[in-house]
Amino acid sequence: VAGRAVQPAERSCKGRRVAAVHETQHGAHQVQLAEERSCALTELSVADLQSLHPLFGDDVLAVWDFDASVERRDSIGGVSKRRVLEQADALAAWADAAA
Numbered sequence: 001v002a003g004r005a006v007q008p009a010e011r012s013c014k015g016r017r018v019a020a021v022h023e024t025q026h027g028a029h030q031v032q033l034a035e036e037r038s039c040a041l042t043e044l045s046v047a048d049l050q051s052l053h054p055l056f057g058d059d060v061l062a063v064w065d066f067d068a069s070v071e072r073r074d075s076i077g078g079v080s081k082r083r084v085l086e087q088a089d090a091l092a093a094w095a096d097a098a099a
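So for the sequence shown, the UniProt record's numbering puts the first residue at 1; every next one is plus one.
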């Protein structure tokens, strides 16, 4: 509706907050802030990130946790430990059947 303010939508996907596509341009602001401070993105604080977008929660820094990131890739063929072990077992079974 014309003239109506659009509020940031907070939705959840697998327990994570997600923003609408039109709200994701804030990533550029994170890079700009890090450049202005001559620091890496990983050195921005929770408060810094929350000043850029209201959906950033206290857990936002967990995005830099490599192990957690890998474990979220848990679909068939994904790179989580469980899925890689599944793929290794399937390959071993295939090799045994072919022998």
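Where is the CB? At the ideal position from N, CA and C, for every residue including glycine.
Nearest-angstrom Cα distance between residue i and residue j?
i	j	result
residue 90	residue 69	24 Å
residue 62	residue 50	14 Å
residue 78	residue 56	26 Å
residue 96	residue 87	14 Å
residue 45	residue 99	55 Å
residue 60	residue 93	41 Å
residue 43	residue 34	8 Å
residue 100	residue 39	This structure cannot settle anything about residue 100, because the visible part of the chain is limited to 1 through 99.
residue 66	residue 48	21 Å
residue 31	residue 84	33 Å
residue 73	residue 82	10 Å
residue 75	residue 58	27 Å
residue 5	residue 52	For residue 5, the predicted structure reports a pLDDT of 42, less than 50, and the residue's modelled location is therefore unreliable. The matter cannot be settled from this model.
In three-state DSSP terms, what is residue i?
i	result
residue 188	Nothing in the structure corresponds to residue 188, since the chain is present only between 1 and 99.
residue 46	helix
residue 55	coil
residue 40	coil
residue 7	The predicted position of residue 7 is uncertain, since its pLDDT is 45 and thus under 50; no value can be drawn from it.
Which first and last residues belong to the alpha helix (DSSP H) in which residue i is found?
i	result
residue 74	Note, residue 74: premise wrong, no alpha helix (DSSP H); not H, not E.
residue 95	81-98
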